[in-house]
Amino acid sequence: MYRPQKYYFLQIIKELPPKKNIHFETFKLFRTFAKEFFKPQNTLIFSWILNKVPRPWLIKASYCVRPFLSLYFRGNKYEDPIDGKKFRKFLPYGYAVQRPNVLSPSTLSLERHRLLWLYLTRETDFLSRTLNVLHVAPEQAFYKRFKKQPLWQYTTTDLHSPLADVKADLCNLPFADNTFDLILCNHVLEHIPDDQKAMNELLRVMKSGGTGIFQIPQDYTREATFEDDSITDPDERTRIFGQYDHVRVYGMDYFDKLRKIGFEVEEVRYAQQFSEEEIEKYRIVREEIIPVCRKP
Numbered sequence: 010m011y012r013p014q015k016y017y018f019l020q021i022i023k024e025l026p027p028k029k030n031i032h033f034e035t036f037k038l039f040r041t042f043a044k045e046f047f048k049p050q051n052t053l054i055f056s057w058i059l060n061k062v063p064r065p066w067l068i069k070a071s072y073c074v075r076p077f078l079s080l081y082f083r084g085n086k087y088e089d090p091i092d093g094k095k096f097r098k099f100l101p102y103g104y105a106v107q108r109p110n111v112l113s114p115s116t117l118s119l120e121r122h123r124l125l126w127l128y129l130t131r132e133t134d135f136l137s138r139t140l141n142v143l144h145v146a147p148e149q150a151f152y153k154r155f156k157k158q159p160l161w162q163y164t165t166t167d168l169h170s171p172l173a174d175v176k177a178d179l180c181n182l183p184f185a186d187n188t189f190d191l192i193l194c195n196h197v198l199e200h201i202p203d204d205q206k207a208m209n210e211l212l213r214v215m216k217s218g219g220t221g222i223f224q225i226p227q228d229y230t231r232e233a234t235f236e237d238d239s240i241t242d243p244d245e246r247t248r249i250f251g252q253y254d255h256v257r258v259y260g261m262d263y264f265d266k267l268r269k270i271g272f273e274v275e276e277v278r279y280a281q282q283f284s285e286e287e288i289e290k291y292r293i294v295r296e297e298i299i300p301v302c303r304k305p
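In the numbering used here, the protein residues as written are 10 to 305.
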């Protein structure tokens with residue numbers, strides 16, 4: 010008999026074991042709950058959570074849930090290259106349309122995070138160089154790993170994230186000119202009404218010769234970016250832009266927008282070099298383009 014998710018959650022709370030057996034017994038209860046919660050017909054639950062629960066709360070809650078997810082979904086079909094763990098499946102994810110099998114249970118990485126990690130570790134020497142690094146809106150998948158880099162002076166910034174060292178507006182960064190060797194700012198610009206000002210700030214605080222990686226959600230079939238300031242209703246934004254707090258859909262002109270600001274931009278089609286088996290194993294997107302920006 011089908012039971013609503015609320016029933017199983019309440020059962021877990023009610024049946025929590027004595028403290029001495031908390032880890033093993035709690036996992037068994039989580040497994041019982043998960044068998045119902047993660048059924049394909051329940052993917053709308055994920056969408057509701059993403060759209061209604063404040064992101065800082067989700068970040069904090071995820072640290073409690075990840076160990077159980079990692080155990081429950083372990084297997085050999087898929088691999089998260091960030092931590093090397095293997096799983097029988099990944100989780101669904103999406104604010105409007107749920108993409109199946111894309112969210113890693115262990116690092117909570119998505120397709121773009123795994124592709125970027127593969128690029129950083131296999132194609133660059135950033136992780137072995139002494140660098141002053143700025144990470145805008147730091148992703149959980151990377152945060153602890155980057156923070157532990159012995160050669161990095163690592164600073165995180167965001168307006169709301171609990172992972173931010175410096176609470177700041179990307180359009181008005183509290184850093185001196187020419188400060189950072191490397192700036193990571195991924196899936197941020199689509200949230201900002203004045204993205205040109207934000208791009209100018211990224212250029213300003215980057216050292217001459219520095220590098221930035223500025224990924225965004227991008228429609229590769231669209232030549233020109235679409236934005237409409239009159240669209241403010243969250244449901245309409247989700248329908249048109251793909252997420253309730255997005256204000257545009259970037260097209261292929263995104264790279265030229267960065268060039269007009271003053272960046273030299275390399276459009277890195279890194280996923281093209283992977284086999285179909287690797288694309289499926291890592292659950293990455295072959296068409297994704299990594300914008301690697303340099304300040305002359």
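Using N, Cα and C, we set each Cβ at its ideal position, and we do this for glycine too.
In this text the structure is predicted, and so the values were computed from the model without any measurement.
Separation of the CB atoms of F223 and P300 is rounded to 5 Å, and the pair is thereby assigned contact status at 8 Å.
DSSP places M215 in the strand class (E or B) of the three-state scheme. Beyond the five residues adjoining it in sequence on each side, D186 comes within less than 7 Å, by CB distance, of R213, V214 in the same chain, given in chain order.
Sequence-distant Cβ neighbours of T234 in its own chain, meaning closer than 8 Å and more than five residues away, are R257, V258, Y259, G260, D262, Y263, K266. Our two residues, L211 and D254, have alpha carbons roughly 21 Å apart in a direct line. For P147, there is no enclosing alpha helix (DSSP H), as DSSP marks it with neither H nor E.
Secondary structure at L140: strand, using DSSP grouped into helix, strand and coil. The beta carbon of V277 lies closer than 6 Å to those of I299, V301 in the same chain, with the five residues before and after it left out. Taking all protein chains in view, the Cβ of L119 is crowded by 16 or more other Cβ atoms within 10 Å, so the residue is classified as buried.
In this model, R154 and G221 are separated by some 18 Å (Cα to Cα). D174 and N141 do not touch by the CB rule: their CB atoms are close to 13 Å apart, not below 8 Å. The bridge partners DSSP lists for Q162 are N141. Annotated as distal: K95 and S79, with beta-carbon spacing of 8 Å or more. Spatial neighbours of F250 in its own chain (CB-CB distance under 6 Å, excluding positions within 5 residues in sequence) are listed in chain order as V258. Straight-line spacing of the CA atoms in K98 and E88 works out to 9 Å. Note: N181 is bridge-paired with D178 in the DSSP secondary-structure output. For Y102, the enclosing beta strand (DSSP E) starts and ends at 100-102. Cβ-Cβ distances below 6 Å link T164 to L143, D174 in the same chain, with the five nearest sequence neighbours on each side left out; the list follows chain order. For R123, the CB contacts under 6 Å within the same chain, skipping 5 residues up- and downstream, are P90, Y291, I293 in chain order.
Residue pairing from DSSP leaves K157 without any beta-bridge partner.
For Y87, the enclosing beta strand (DSSP E) starts and ends at 83-88. Fewer than three pairs of CB atoms, one per stretch, sit closer than 8 Å, so the region 177-186 makes no contact with the region 240-249.
In the structure shown, T220 adopts extended strand secondary structure according to DSSP, grouped into three states.
CA-to-CA, the gap between F272 and T166 works out to about 21 Å. Annotation: D204 to R131 spans about 30 Å, alpha carbon to alpha carbon. The distance from the Cβ of Q252 to that of Y104 is about 4 Å, consistent with a contact at the 8 Å cut-off. Shown here, R123 sits in a helix according to DSSP, grouped into three states. Around the Cβ of V74, a 10 Å sphere holds fewer than 16 other Cβ atoms; the residue is exposed. Taking the Cα positions, E199 is about 15 Å away from R231.
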